[in-house]
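Here is the structure we will look at.
There are 2 protein chains.
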Amino acid sequence: MELNERQNKIIEIVKEGAPVTGEQIAERLNVTRATLRPDLAILTMAGFLDARPRVGYFYTGQTPFTLLSEQIQKMEVRNYQSLPVVAKESSSAYEAVCTMFLEDVGSLFVVNDQGLLSGVLSRKDLLRTAIGSQDMNHVPISVIMSRMPNITFCRSDDAVIDVAELLISREIDALPVVRTKGDGLEVIGRMTKTNITKAFVELARGAAE
Amino acid sequence: MELNERQNKIIEIVKEGAPVTGEQIAERLNVTRATLRPDLAILTMAGFLDARPRVGYFYTGQTPFTLLSEQIQKMEVRNYQSLPVVAKESSSAYEAVCTMFLEDVGSLFVVNDQGLLSGVLSRKDLLRTAIGSQDMNHVPISVIMSRMPNITFCRSDDAVIDVAELLISREIDALPVVRTKGDGLEVIGRMTKTNITKAFVELARGAAE
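Below is the structure:
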């Protein structure tokens with residue numbers, strides 16, 4: 001939606017001196033109130049201005065892009081997460097690689113005997129072990145994984161965009177989606193850059209429909 | 001931007017019988033043309049309807065979300081791509097793992113003696129080799145990489161959203177950004193799910209400004 005010159009001027013006037021009445025705006029622009037009416041209707045409907053009866057117009061601070069931002073903010077993890085793939089601390093690095101291939105995932109979430117999150121294991125951790133001198137069959141993943149509390153996680157009601165920012169800023173590939181259980185965290189999902197990429201595609205597609 | 005009931009009705013009427021004049025719409029809705037004027041102005045300005053003088057109104061097929069879609073379509077690979085990390089076909093799997101760690105990337109693009117793209121090597125390819133019986137020091141990457149022409153690539157003027165769709169549909173982590181050189185392709189960049197995630201974050205941030 002593109003605003004015309006007069007509509008942009010109206011926004012400027014309201015920004016400066018809110019509340020401003022329709023009459024005052026008409027005066028400033030040297031036009032009649034009737035001329036302004038469609039412009040004011042458009043600006044109000046589009047959410048740029050807020051009209052309060054007998055008070056005047058206020059600037060909402062909203063731009064055409066707010067709509068997009070709001071749409072992105074509304075995207076919640078619960079609608080984009082994948083099923084988690086977990087492994088036990090005692091599993092060997094070799095078993096972990098096999099699980100990754102079987103399940104076609106790039107990260108495993110490691111759980112302790114109580115079934116609570118204790119670590120995250122990535123392809124990178126396994127590759128590092130593989131080129132080391134240790135035997136993949138005898139290294140337990142608890143030794144090579146990233147360990148709690150140094151694990152970045154999220155919850156299903158978090159915003160997808162916040163997860164995307166964490167993945168970038170912490171330079172990680174996957175986050176466990178968790179919920180509190182007793183003293184620990186139960187893993188209920190997985191958010192990866194693949195999920196973010198899918199969210200991006202869905203945003204564009206939904207938008208195109 | 002939310003449309004009111006009458007505005008939605010107007011869109012329906014125009015959708016069905018375009019071109020429709022303002023008079024015809026007024027008749028259908030049992031209101032005066034003066035009453036309709038602000039609604040028609042809003043719908044035209046917002047891009048839902050197209051008004052052609054002496055002909056009538058047409059439906060543009062645009063919804064409030066088209067704006068977002070257009071914004072996403074405009075995002076080009078050139079503005080989001082990373083520098084490529086390349087390796088020679090004769091490099092060993094061991095060397096490739098070291099390069100990945102040094103450069104902190106998850107995929108290497110493999111080039112032939114002419115410096116042209118011949119394959120793509122992923123962490124997954126290397127992990128598969130690592131748990132196999134072969135010696136990582138003696139397996140050349142040309143044996144374990146995905147090979148041309150089975151390589152999905154893109155160009156710097158492609159849309160980011162198209163790359164995102166390829167990454168998802170082909171289940172790959174990275175695409176080389178290429179340009180034609182002689183009979184082959186020269187690698188000039190790298191597009192991964194990390195780049196898409198960054199694009200998504202930028203879209204949301206830019207939108208929030």
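Those protein sequence lines, which keep their order, are chains B and L.
Mind the numbering: the first sequence is residues 1 to 209 in full-length UniProt numbering, read in order.
Mind the numbering: the second sequence is residues 1 to 209 in full-length UniProt numbering, read in order.
Note that CB positions come from ideal geometry on N, CA and C, so glycine has one too.
The structure displayed is predicted, hence computed values, not measured ones.
Contact between the stretch 72-86 of chain B and the stretch 185-199 of chain B is present: 3 or more CB-CB pairs across the two stretches fall below 8 Å. Apart from the 5 residues on each side of it in sequence, residue 96 (chain L) sits with its Cβ closer than 7 Å to the Cβ of 87, 108, 121, 126 and 141 in its chain, given in chain order. When Cβ pairs closer than 8 Å are counted between the two stretches, the stretch 39-46 of chain L is seen to touch the stretch 6-14 of chain L, the count reaching three or more. Under a 10 Å Cβ-count criterion, residue 34 (chain L) is classified as exposed, with fewer than 16 other Cβ atoms of the shown protein chains found around its own Cβ. Across the structure, residue 158 (chain B) and residue 179 (chain B) are spaced so that their CA atoms are roughly 12 Å apart. At a cut-off of 8 Å, the C-beta of residue 28 (chain L) has no neighbouring C-beta in chain B. Within the model, the alpha-carbon separation for residue 164 (chain B) versus residue 183 (chain B) is close to 27 Å. In this structure, the beta-carbon distance from residue 128 (chain B) to residue 100 (chain B) does not fall below 8 Å. Here residue 181 (chain L) really is in contact with residue 116 (chain L); their C-beta atoms are around 7 Å apart, less than 8 Å.
Straight through space, the alpha carbons of residue 170 (chain L) and residue 77 (chain B) are spaced by roughly 23 Å. Within the same chain, 123 and 173 come within 6 Å of residue 106 (chain L) by CB-CB distance, once the 5 residues on both sides are set aside. Its chain contains 44 and 57 as the residues whose beta carbon lies nearer than 6 Å to that of residue 51 (chain L), once the 5 sequence neighbours on both sides are disregarded; these appear in chain order. Taking C-beta separations shorter than 6 Å and ignoring five residues to either side along the sequence, the partners of residue 28 (chain L) in its chain run 13, following chain order.
In this structure, DSSP gives residue 87 (chain L) an extended state, which the three-state scheme calls strand.
Listed along chain B, the residues sitting closer than 7 Å to residue 165 (chain L) by beta-carbon distance are 201. Within the stretch 119-145 of chain L, the residues whose Cβ lies closer than 8 Å to some Cβ of chain B are 123, 124, 126, 127, 128, 130, 131 and 136, listed in chain order. For residue 176 (chain L), the enclosing beta strand (DSSP E) starts and ends at 174-181. In the three-state reduction of the DSSP assignment, residue 202 (chain L) falls in the helix class. According to DSSP, residue pairing for residue 197 (chain B) in a beta bridge does not occur.
Within the UniProt domain "CBS" (80-136) of chain B, the runs of beta strand (DSSP E) that reach at least 3 residues and sit entirely inside it are, in chain order, 86-88, 107-111 and 117-122. DSSP, read as helix, strand or coil, puts residue 187 (chain L) in strand. For the pair residue 145 (chain L) and residue 119 (chain L), the Cα-to-Cα distance works out to about 6 Å.
In the three-state DSSP reduction, residue 143 (chain L) falls in the helix class (H, G or I). Residue state for residue 51 (chain B) is assigned as strand, using DSSP reduced to three classes.
Listed by position along chain B, the residues whose Cβ is nearer than 7 Å to that of residue 38 (chain L) are 37, 38 and 41. Between residue 167 (chain B) and residue 175 (chain B), the C-beta gap is smaller than 8 Å, which places the two residues in contact. Within the same chain, and ignoring the five residues on either side of residue 15 (chain B) in sequence, the residues whose Cβ sits closer than 8 Å to its Cβ are 59.
Residue pairing from DSSP leaves residue 34 (chain L) without any beta-bridge partner.
As a beta-bridge residue in DSSP terms, residue 192 (chain L) pairs with L:174. Short of 7 Å from the beta carbon of residue 112 (chain L), and not among the five residues preceding or following it, lie these beta carbons of its own chain, in chain order: 89 and 118.
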